[in-house]
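Trainee: When we follow this note's numbering, the leftmost residue of the sequence shown carries the number 13, and every step to the right adds one.
Glycine included, every Cβ here is placed at the ideal spot set by N, Cα and C.
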Amino acid sequence: MGERFVVVPVYTRKTSGKEEERSGSTGAHPALDTGESRCSVPGTAAENEQLEDSVFEPTVPILEYNREPNKYGDGVPKENSPFINNSENDKNNYDGTNMALFEEEMDRHPMVSSLLDKLANYTNLSQGALEHEEADEESSKKKTVKSPQMGTFMGVYLPCLQNILGVILFLRLTWIVGTAGILESLAIVGLCCSCTMLTAISMSAVATNGVVPAGGSYYMISRSLGPEFGGAVGLCFYLGTTFAGAMYILGTIEILLTYIVPQAAIFTAERKEDELSALLNNMRIYGTLCLSLMAIVVFVGVKYVNKLALVFLACVILSIISIYAGVIKSSFDPPDFPVCMLGNRTLRNLRFDKCLKTEIVNNTTVSTQLWRLFCDGPALNSTCNEYFVNNNLTLIQGIPGLASGVISENMWSAYGPLGMLVENKRLPSVGGIDPAKDIYLPYVVNDISTFFTLLVGIYFPSVTGIMAGSNRSGDLRDAQKSIPIGTILAIATTSFIYVTGVIFFGACIEGVLLRDKFGDSVKRNLVIGTLSWPSPWVIVIGSFFSCCGAGLQSLTGAPRLLQAIARDGIVPFLQVFGHGKANGEPTWALLLTTGICEIGILIASLDAVAPILSMFFLMCYMFVNLACAVQTLLRTPNWRPRFKYYHWTLSFLGMSLCLSIMFISSWYYAIIAMGIAGCIYKYIEYRGAEKEWGDGIRGLSLNAARYALIRLEEAPPHTKNWRPQLLVLLNLDSDQCVKHPRLLSLTTQLKAGKGLTIVGNVLQGTYLSHEAEAKKAEQNIKSAMATERTKGFCHVVVSSNLRDGISHLIQSAGLGGMKHNTVLVGWPGTWRQSEDPQSWRNFIEIVRETTAAHLAMLVPKNVDSFPTNKDRLEEGTIDVWWVVHDGGMLMLLPFLLRQHKVWEKCKMRIFTVAQMDDNSIQMKKDLQMFLYHLRLDAEVEVVEMHDNDISAFTYEKTLVMEQRSQMLKQMQLSRTEREREAQLIHDKNTAAHAAMNNKEEVGTDRVHMTWTKDKVSTERNRTREANANMAVRDMFNMKPEWESLNQSNVRRMHTAVKLNEIVVNKSQGAHLVLLNMPGPPRNRGGDENYMEFLEVLLEGLNRVLLVRGGGREVITIYS
């Protein structure tokens, strides 16, 4: 099921200077880049190095048997191509002029004639015997692969018959008819057969929708419903097949020990109450031995098992023919199988030979063997059982025949509890008011409690096996024609056999004998065998070999199914089971299958194992119907099955029947089976390999997404539904690796896995020349997102310049209602050191564009110091400085962060700034009430900001800022002139400081672009310690320089300095500080000053998140 067959052309080298030059100039695929970048994805480009410098000419295609599980990444051979046997190495060399217009695209778009030639030469090896036969040949010889020649009859019809007809038909169907009655038995048969017929219709549609390689039902389900459903249902089907093997082995041992050689039993029971435990122990011992023997046979000679399949099928067909022959014969000459009745109770005819209490021997009345079973001695005056004394013995015919009219008595059910006596209500009975006292006497009793739903679960395995044809799809001449016809005909045939069997058994066999499960009343003869002609041994031997063959087939098929799942690579912990012997035999899978099968053997009861495998098969059938229904309703373009007689309503009906039968037969087994499938599904979803198989679930997701997007487009989201939908703008280094992965960590912590996240990046250039870099960048970003557990989408744009690319991302990222409402971008920390002013100008333009687009904006500073997702911050605070109202973003963000494990121990503090004319006490009360209505827990503090005079420190900062701005505006000067001008400005600035501080400052060779941290601290302390008179004298001395300053800049710098002092004083020890982000000036001429204002505002703080609202309310007090 996991094998791949690839048409590999044999190439011959042809030298051509022109072609060599052309192939040598071809670049490597970006996904296969093997550069030295620490985050580049390793590829397999080296494997094709020898192919790059030469031209190959295909000659003769050879079918190569490829066992590598993930050669093409998705576990299957090029399913995205129109033909399966596609080879990436197959180059379409073209010589000629008729199609010269297309010659440069021949490597990607082959000629139609080449495509049709490959389709015509498509072949596939069979699963099973053929590969082992080839393994036995000498490896040096070329293997000649023959095209599959099996038709509908041999390839589908007969294998389905062999798998459907089996142990339940021979060992339990008569008992089901006797217990449930003819009418309810017909209901059971009709229910189960309808389920399989509807499933076969759905399976036919799925199987004829393209070529199905060897893999059968697992392949169909996984490629239709995706790897999660495929893996879960595939493993359930594997478990069902494995437990089916256990059931067949138990049936084999039951036939052997009950009907063929009962004296071979190791455990024997002296008392009747111990017989059941002795039988189960015998089943365990002999079942384990039989399982071991079969496993050895499968391991060393599976090809002989496949060759004997027809022999086993012949046994089944001969047995069924003998049953029909016996039915016909019973109409005019019924067989003689008397049943001894005591009153209306059925006796077990095992320890007596005559149905008499006493007999006359030599004119003397003596007791019989039956007397000794009910009395305490052989003497005629012995104390005997009361019911034995009061009732007479009667002999009735167990097989009265077709014309006897017994059918009317077997119409109705006779359910009962464990230990209920099997009685014939038509016969007289005296006494026996409390039959519970007599269950250990030699009566035939129920060995289990019987009810309708139990019988459904026991019977259902007799209709499984409908997948046998699809499992052999690789052996069929025309699988798309043979699978539907053969499977449906096989189900129709077996359904006819079961329906007629129910009617004939009820019309020919006495009811008490039908309810006698093991044939104890007819000297341990197989009940169905008593009806057969010419001898019961025909059925006994036929059923024995049938069960043996079915068990071997299960032990042969189950390991291959597990191997196919393992080789697909969707369940990581099963990959070891994909390996096997040199010839491909799944050794490890066979060992696991044997171990699981042993669990069923240890259960030892066929009636207990049957419902278990029924659950797993029903799960498989249910998802086959679901696959067909989903594909039909989605109307995907690739859904074009050749089988036209299907409809989605039939598939849903079949799925509903499967689910109903699961809970009807055993609700707790159904829950366990669905729980197992659910656990496997979630495991594959979170840990399994990602596969893209074009499955229906993905199509369903696309339809649901389209519908949801259209609904979201109808109206903007309500404030209660608002959440940050992030567009994260990343920077990459020269190797296309993420510079600041902590930005993604912050994204994950902020979103807690919810909402939309788009991670964007812009590459400068043209797409045609930077396609490889774009793909590599996207791959690296996705890898970083996976590492940081950021769930979202990646969008890399190539643009002629970074400014336009970022603008395009902000405008067009997202789709419909799923668009970003917040932009997250890192603070350009090196903007002062950068010689190119474009970096900080791009940042300011991002701020302007987000404001124009009514988007919120988040700017973390020192983002590399932010915690990772693995960190757990100790108790601390998240401080919110609410200076201006931004729609509630500052309130909402700390709440979202605290939902993540990194920040959950942090407390929230909210600071707001009061002016001189504000009532601080009332402001605090109002803010506390506002937070109470918002359901947010936070400490509140109102900080008063007095209108102090502007300090000399502020003027000096403003002076330095404007001088620097003036220098940067003179960009038209040469570099030498710029340096000379900067030196002059610096010298002037130094002289002014010397005059102000009455001390000499030593100049440097370079311009101070900003104040150092030590200088700022020193100046602050000097300003704070200076008295009012000194401050006035300083201002007087500097007044000539103030006159040249822009007073608007002075006021802005004053605000930044004062606010920074307050924030540093209150929140320097906080884990995170959230602060309103002021907007850039409307006049673009002051952009560089804006960056200085923000630097001053954030100075001295470690982790800062600047927040700028989008112009709408994002949090509300209403429910």
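#1: What is the DSSP secondary structure of K315, counted as helix, strand or coil?
#2: Under the DSSP definition of a beta bridge, which residues are partnered with V810?
#3: Could you pull out every residue in the same chain whose Cβ sits closer than 6 Å to the Cβ of G242, ignoring the five residues on either side in sequence?
#4: Should L362 be labelled buried (16 or more other beta-carbon atoms within 10 Å of its own) or exposed?
#5: Within the stretch 180 to 264, note down every full alpha helix (DSSP H) run reaching 4 residues or more, in order along the chain.
#6: What residues are listed by DSSP as bridge partners for P350?
#7: Which ranges does the beta strand (DSSP E) cover as unbroken runs of at least 3 residues, wholly within the stretch 786 to 849, from first to last along the chain?
#8: With M1089 and M869 assumed to form a contact (beta carbons below 8 Å), what rounded beta-carbon distance in angstroms separates them?
#9: In angstroms with no decimal places, state the Cα-to-Cα distance between I684 and T254.
#10: Taking S379 as part of the beta strand (DSSP E), name the residues at either end of that continuous run.
#11: Could you pull out every residue in the same chain whose Cβ sits closer than 6 Å to the Cβ of Y510, ignoring the five residues on either side in sequence?
#12: Just list the residues that DSSP pairs T769 with in beta bridges.
#13: Return yes when the Cβ of C640 is within less than 7 Å of the Cβ of V475, no when it is not.
#14: Flag this pair as yes or no: are the beta carbons of A616 and M295 separated by less than 7 Å?
#15: Assess contact between the stretch 784 to 793 and the stretch 744 to 754, defined as three or more Cβ pairs (one per stretch) separated by less than 8 Å. Is contact present?
#16: Mind pulling the beta strand (DSSP E) runs of 3 or more residues that sit fully within the stretch 603 to 665?
#17: Specify the secondary structure class of K919 as computed by DSSP and reduced to three states.
#18: Are at least three pairs of beta-carbons, each pair with one atom in the stretch 539 to 546 and one in the stretch 326 to 343, less than 8 Å apart?
#19: Can you tell me whether M928 is buried or exposed, with buried defined as 16 or more other CB within 10 angstroms of its CB?
#20: One question on the structure: do P1092 and I822 come within less than 7 Å of each other, judged by their Cβ atoms?
#21: With DSSP as the reference, identify every bridge partner of M869, one or two as the case may be.
#22: Among L756, Y658, R853, A716, which has the Cα closest to the Cα of C806?
#23: Ordered along the chain, which non-local residues of its own chain (more than five positions away) have a Cβ less than 6 Å from that of R947?
#24: In three-state DSSP terms, what is R572?
#25: Just list the alpha helix (DSSP H) runs in the stretch 542 to 569, keeping only unbroken ones of 4 residues or longer that don't cross its boundaries, in chain order.
#26: Report the option in C632, I194, G1123 whose CA atom is closest to the CA atom of G862.
#27: Looking only at C-alpha atoms, which of A620, S746, L724, M423 sits nearest to F517?
#28: Taking DSSP as the reference, what is the three-state secondary structure of T863?
#29: Going by the DSSP bridge assignment, what does L951 pair with across the sheet?
#30: DSSP on R296, reduced to helix/strand/coil?
#31: Secondary structure at L1086, three-state DSSP: helix, strand or coil?
#32: Am I right that G452 and K284 are in contact with their C-beta atoms under 8 Å? What's the rounded C-beta distance?
#33: Note down the Cα distance separating I551 from F530, rounded to an integer number of angstroms.
#34: Where does D365 sit, in a helix, a strand or coil, going by DSSP?
#35: Using 8 Å as the cut-off, can you tell me whether the stretch 624 to 632 makes contact with the stretch 592 to 600, which would need three or more C-beta pairs spanning the two stretches below that distance?
#36: Among the candidates L762, Q934, S304, whose CA atom is the shortest distance from the CA of T606?
Mentor: On the basis of the coordinates in this document:
#1: If you number the sequence shown from 1, residue 315 lands on position 303. Helix at K315.
#2: The count along the sequence shown starts at 1 and reaches residue 810 at position 798. Bridge partners of V810: L775.
#3: Here the question's residue 242 lines up with position 230 in the sequence shown. Correct list, in chain order: I233, S234.
#4: For the purposes of this step, residue 362 is taken as residue 350 along the sequence shown, with counting starting at 1. Of the other Cβ atoms in all chains shown, fewer than 16 fall within 10 Å of the Cβ of L362; this residue is therefore exposed.
#5: The alpha helix (DSSP H) runs of length 4 or more contained entirely in the stretch 180 to 264 are, from start to end of the chain, 185 to 219.
#6: Counting from one through the sequence shown, the residue named residue 350 turns up at place 338. Under DSSP, P350 forms a beta bridge with Q409.
#7: Taken in chain order, the unbroken stretches of beta strand (DSSP E) that lie wholly in the stretch 786 to 849 and span 3 residues or more are 805 to 811, 834 to 837.
#8: By 1-based counting over the sequence shown, the position of residue 1089 is 1077. By 1-based counting over the sequence shown, the position of residue 869 is 857. Rounded, the Cβ-Cβ distance is 7 Å, consistent with contact.
#9: As a first step, residue 684 must be located in the sequence shown, where it is residue number 672. As a first step, residue 254 must be located in the sequence shown, where it is residue number 242. Rounded to the nearest angstrom, the gap between the Cα atoms of I684 and T254 is 17 Å.
#10: As a working note, residue 379 is residue 367 in the sequence shown. Note, S379: beta strand (DSSP E), 376 to 379.
#11: Locating residue 510 in the sequence shown gives position 498, where the first residue counts as 1. Same-chain partners within the cutoff: V201.
#12: Taking the first residue of the sequence shown as 1, we reach residue 769 at position 757. T769 is bridged by DSSP to L738.
#13: Walking along the sequence shown from the start, residue 475 turns up at place 463. Walking along the sequence shown from the start, residue 640 turns up at place 628. In this structure, V475 lies away from C640, with their beta-carbon atoms at least 7 Å apart.
#14: The residue labelled residue 616 in the question sits at position 604 within the sequence shown. The residue labelled residue 295 in the question sits at position 283 within the sequence shown. The answer is yes: Cβ separation under 7 Å.
#15: Judged by Cβ distances under 8 Å, the stretch 784 to 793 makes contact with the stretch 744 to 754, as three or more pairs qualify.
#16: Qualifying beta strand (DSSP E) stretches: none in this window.
#17: The residue labelled residue 919 in the question sits at position 907 within the sequence shown. Here K919 sits in strand by DSSP.
#18: Contact holds: three or more Cβ-Cβ distances are below 8 Å.
#19: Counted from its first residue, the sequence shown places residue 928 at position 916. Answer is exposed; the Cβ neighbour count stays below 16.
#20: By 1-based counting over the sequence shown, the position of residue 1092 is 1080. By 1-based counting over the sequence shown, the position of residue 822 is 810. Result no, Cβ atoms of P1092 and I822 do not sit closer than 7 Å.
#21: As a working mapping, residue 869 is identified with position 857 in the sequence shown. Per DSSP, V835, R1120.
#22: For the purposes of this step, residue 806 is taken as the residue at position 794 of the sequence shown. Of the candidates L756, Y658, R853, A716, the one whose C-alpha sits nearest the C-alpha of C806 is L756.
#23: In the sequence shown, the residue the question calls residue 947 occupies position 935. Exclusion of the five residues before and after R947 leaves no residue of its chain whose Cβ lies closer than 6 Å to its Cβ.
#24: Along the sequence shown, one-based indexing puts residue 572 at 560. When secondary structure is reduced to three states using DSSP, R572 falls in the helix class.
#25: The qualifying runs do not exist here; there are none.
#26: Residue numbering aside, residue 862 sits at position 850 when the sequence shown is read from its first letter. Before going on, a small fix: residue 862 reads as Thr here, not Gly. When the alpha-carbon of T862 is set against those of C632, I194, G1123, the nearest one is in G1123.
#27: Counted from its first residue, the sequence shown places residue 517 at position 505. For F517, the nearest C-alpha among the options comes from M423.
#28: The sequence position of residue 863 within the sequence shown is 851, counting from 1. In the three-state reduction of the DSSP assignment, T863 falls in the helix class.
#29: Locating residue 951 in the sequence shown gives position 939, counting from the first residue. Note that residue 951 corresponds to Glu in the displayed sequence, not to Leu. Residue pairing of E951 in beta bridges, as defined by DSSP: R921.
#30: The residue labelled residue 296 in the question sits at position 284 within the sequence shown. Helix, per DSSP.
#31: Taking the sequence shown and counting its residues from 1, one reaches residue 1086 at position 1074. Note: L1086 maps to strand in three-state DSSP.
#32: For the purposes of this step, residue 452 is identified with residue 440 of the sequence shown, where counting begins at 1. For the purposes of this step, residue 284 is identified with residue 272 of the sequence shown, where counting begins at 1. Per the sequence shown, residue 452 should be read as Tyr rather than Gly. About 5 Å separates the two Cβ atoms, so the contact holds.
#33: Residue mapping note: residue 551 aligns to position 539 of the sequence shown, counting from 1. Residue mapping note: residue 530 aligns to position 518 of the sequence shown, counting from 1. Straight-line Cα distance between these residues: approximately 14 Å.
#34: The count along the sequence shown starts at 1 and reaches residue 365 at position 353. D365: coil per DSSP, three-state reduction.
#35: No, the stretch 624 to 632 does not touch the stretch 592 to 600.
#36: By one-based count along the sequence shown, residue 606 stands at place 594. For the residues L762, Q934, S304, the minimum Cα distance to T606 belongs to S304.
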